[in-house]
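If you want it as structure tokens, here you go:
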């Protein structure tokens, strides 16, 4: 769905003031991998506090989009702004922006040779300069929030997949990000572990944090999202509230996708 000449599409505005910058804004965003056009003229503005689910078939550009939003992927044209600040290749500015953005990956990305507590406190001490005691207090607070404080002294390999993903979420929260990006956080989990991670994500969403989540979990989209963004072949095809997206999608490609994933 293109909106020629109208600028980024504003979604989930809620109570945002008109003078408040979008939490995340992409304008005319294009990304290629060699000759493959992965993102095509993406325009999107996400207000502060919005909860956005990004879905679509494999290879549609979902993960690439949020990786660009954290500077993990470069892009060839267009712009991304985080809280009104341009995301550039300048490393100092990039690091400043990243401090406000938490990222949770499919594969947890925990340090296997460090305990859960050290995984959660490492950046607090090295990046934010917190003392060991202060960092541990912060880490324990967020481990309690994701319901696994009793695992603090264990190593990742001693935990289930669902527990490891909850540690990854706690680690991201320790840095007090204003925005959370989640890249298919349940895709590598056994089915019985999915619910425990989704419950944590729903709790975070209800807390008012700006959240963009790439996921195939349509139940989470129904329950927690303000808006659903559907992507296909590198483009945003449709954006709608969960009720409209699931009950009255406007685009045939969206209807085909929902027929496949819901039946």
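Residue numbers (the working numbering): 136 to 398.
Ideal placement from N, C-alpha and C gives every residue a C-beta, glycine not left out.
Since this is a predicted model, take the numbers as computed values, not measurements.
ask   = Considering only residues of the same chain and omitting the five flanking positions on each side of residue 299, which have a CB-CB separation below 8 Å?
value = 243, 245, 291
7 Å Cβ shell around residue 205 - same chain, five flanking residues per side excluded = 233, 236, 238, 316
inquiry  = Please classify residue 261 as buried or exposed, where buried requires at least 16 neighbouring CB atoms within 10 angstroms.
reply    = exposed
Exposed unless 16 or more other CB atoms sit within 10 angstroms - verdict on residue 223 = exposed
query = Would you call residue 147 buried or exposed, if buried means 16 or more other Cβ atoms sit within 10 Å of its Cβ?
reply = The predicted position of residue 147 is uncertain, since its pLDDT is 48 and thus under 50; a value taken from the coordinates is nonetheless stated next. So residue 147 counts as buried.
request  = Take residue 258 and list the residues in its own chain whose beta-carbon comes closer than 8 Å to its own, dropping the five residues that flank it on each side.
outcome  = 306, 309, 310
inquiry  = Measuring alpha carbon to alpha carbon, tell me which residue in 186, 251, 176 is nearest residue 337.
reply    = 186
inquiry  = Determine whether the beta carbon atoms of residue 181 and residue 347 lie at a separation below 8 Å.
reply    = yes
task = Write down the C-beta distance between residue 350 and residue 158 rounded to the nearest angstrom, noting that I regard them as a contact closer than 8 Å.
result = The pair is not a contact, with the Cβ atoms about 19 Å apart (cut-off 8 Å).
N-terminal and C-terminal residue of the beta strand (DSSP E) that residue 166 is part of = 159 to 168
ask   = Is it right to say residue 301 is buried, meaning 16 or more other beta carbons lie within 10 angstroms of its own, or is it exposed?
value = buried
key: Alpha-carbon to alpha-carbon, residue 213 and residue 184   = 24 Å
task = Would you mind reading off the limits of the alpha helix (DSSP H) that contains residue 394?
result = 387 to 397
message = Is it buried or exposed, residue 372, if we count other Cβ atoms within 10 angstroms and call 16 or more buried?
response = buried
inquiry  = On the CB-based measure, 16 or more other CB atoms within 10 Å of its CB, does residue 361 come out buried or exposed?
reply    = buried
ask   = If you draw a straight line from the alpha carbon of residue 250 to that of residue 273, how long is it in whole angstroms?
value = 15 Å
inquiry  = Would residue 381 and residue 188 be called neighbours here (beta carbons separated by less than 8 Å)?
reply    = no
ask   = Are the beta-carbon atoms belonging to residue 197 and residue 366 less than 8 Å from one another?
value = yes
query = What is the DSSP secondary structure of residue 202, counted as helix, strand or coil?
reply = helix
task = Run the CB neighbour count on residue 195, radius 10 Å, all protein chains shown included, and call it buried at 16 or more, exposed below.
result = buried
message = Measuring alpha carbon to alpha carbon, tell me which residue in 190, 203, 253, 209 is nearest residue 377.
response = 190
request  = Taking 8 Å as the cut-off, decide whether the C-beta atoms of residue 175 and residue 370 are in contact.
outcome  = yes
request  = Return helix, strand or coil for residue 216, following the three-state DSSP convention.
outcome  = strand
query = Starting from residue 276 and walking both ways along the beta strand (DSSP E), at which residues does that stretch end?
reply = Note, residue 276: premise wrong, no beta strand (DSSP E); alpha helix (DSSP H) at 267 to 280.
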